[in-house]
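Structure record follows, encoded as structure tokens.
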Amino acid sequence: MIISLCACSSAAAQNTAQPASTPEVTPALTDAEPVPAAAKAPQENKSKTIIVYFSRTGEQYNVGVIEKGNTAIVVDMIAEATGADLYEILPADDHYPMTYNALIDVALQEQRDHARPDIAEELPDLSGYDTIFFGSPVWWGDWPMIYYTFFESVPLSGKTLIPFTTHAGSGLSGFDRSLAAQYPDCTVAKGLAVAGTDAQNHQDKVQTAVTNWLTELGF
Ligand SMILES: Cc1cc2nc3c(=O)[nH]c(=O)nc-3n(C[C@H](O)[C@H](O)[C@H](O)COP(=O)(O)O)c2cc1C
1207 MIISLCACSS
1217 AAAQNTAQPA
1227 STPEVTPALT
1237 DAEPVPAAAK
1247 APQENKSKTI
1257 IVYFSRTGEQ
1267 YNVGVIEKGN
1277 TAIVVDMIAE
1287 ATGADLYEIL
1297 PADDHYPMTY
1307 NALIDVALQE
1317 QRDHARPDIA
1327 EELPDLSGYD
1337 TIFFGSPVWW
1347 GDWPMIYYTF
1357 FESVPLSGKT
1367 LIPFTTHAGS
1377 GLSGFDRSLA
1387 AQYPDCTVAK
1397 GLAVAGTDAQ
1407 NHQDKVQTAV
1417 TNWLTELGF
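In our numbering, the protein residues as written are 1207 to 1425.
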């Protein structure tokens, strides 16, 4: 089981590069969109919790070259507040370019190919966890394809699943609904969408949003 405890730090953004464009995205879903009926926040959460996440450093949209991924910054805030364990999804073959424009091309090709990139580390044993956060950037309106490798390799039932994204305008991108589809025997609670630029540059604002969201979820 590969679970590391939180090592919290916040990297300063280095606004050195501005990518020319952001990819076209699937129709944006607003954060205010109602969560499916099945979704229900735990009333009081004393359960064992883990955060599964994927996040990239290098050049990212509108934040220049970053030393800590946008999603990873939000992960730290959640871990700090909940004491959750962490599992980072890392690619076995890290072929992802460190420049934004090259990365979006590789990611789009993976999506078109329905790729299932291998995960580097041993998959986690989640049997001892009641609540699992799933943190991810939005890539072309969807989870990065490596997340589907995870979903298809790690069966889950009877858990509470909580998605959160960082993004450049696409919000939660229906990740709550897609988690419910991947794991029909789990409960999906209300997700959170954070602008990647805010994660890097407006952390007080993000901290407030994370705190309010966790309180609403019962943490
Ligand atoms: C390959 C790629 C595709 C992206 N596609 C979208 C998208 O469809 N919608 C969106 O809002 N942002 C998109 N973005 C922006 C990222 O979601 C955003 O910068 C995110 O915060 C990056 O998180 P990370 O630093 O944790 O990897 C994309 C970024 C990349 C690199």
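Cβ atoms here follow ideal geometry from the backbone N, Cα and C, with glycine treated the same way.
Ligand 1 heavy atom lying under 7 angstroms from the CB of residue i
| i | result |
| --- | --- |
| R1262 | yes |
| S1376 | yes |
| H1373 | yes |
| T1277 | yes |
| L1398 | no |
| W1345 | yes |
| G1206 | Examination of residue 1206 is not possible in this model, given that the chain is present from 1207 through 1425 alone. |
| L1367 | no |
| I1272 | yes |
| L1309 | yes |
| A1313 | yes |
| Y1306 | yes |
| G1413 | Just to set this straight, residue 1413 is Gln in the shown sequence, not Gly. Incorrect: Q1413 has no Cβ contact closer than 7 angstroms to ligand 1. |
Ligand 3 heavy atom lying under 7 angstroms from the CB of residue i
| i | result |
| --- | --- |
| Y1389 | Here the bound small molecules are ligand 1; ligand 3 is not part of this structure. |
Buried versus exposed call for residue i [16 or more other C-beta atoms within 10 Å across all chains shown]
| i | result |
| --- | --- |
| R1262 | buried |
| N1418 | exposed |
| K1411 | exposed |
| G1289 | exposed |
| M1304 | exposed |
| L1420 | buried |
| P1361 | exposed |
| P1390 | exposed |
| H1292 | Before going on, a small fix: residue 1292 reads as Leu here, not His. Looking at its Cβ environment, which holds 16 or more other Cβ atoms inside 10 Å, L1292 is buried. |
| E1328 | exposed |
| T1414 | exposed |
| E1265 | buried |
Option in the options with minimal Cα separation from residue i
| i | options | result |
| --- | --- | --- |
| I1352 | H1320, A1399, N1407, E1265 | H1320 |
| G1375 | G1364, V1400, D1382, N1307 | V1400 |
| S1363 | G1334, L1398, T1372 | G1334 |
| I1368 | L1332, P1297, K1396, V1281 | K1396 |
| N1407 | Y1267, F1260, C1392 | Y1267 |
| C1392 | F1370, S1342, D1336, G1402 | D1336 |
| V1258 | V1394, P1350, F1339, Y1302 | F1339 |
| E1358 | E1422, G1264, A1387 | A1387 |
| T1366 | G1377, W1349, L1385 | L1385 |
Residues bridged to residue i (per DSSP)
| i | result |
| --- | --- |
| G1337 | The residue you asked about is not Gly; residue 1337 is Thr in the sequence shown. Paired residue(s): T1255, T1366. |
3-residue-minimum beta strand (DSSP E) runs that sit fully inside the segment 1342 to 1410, ordered along the chain: 1366 to 1373, 1398 to 1401
Enumerated in chain order, which unbroken segments of the beta strand (DSSP E) with a length of 3 residues or greater are wholly contained in the segment 1250 to 1295? 1255 to 1259, 1264 to 1266, 1270 to 1272, 1291 to 1294
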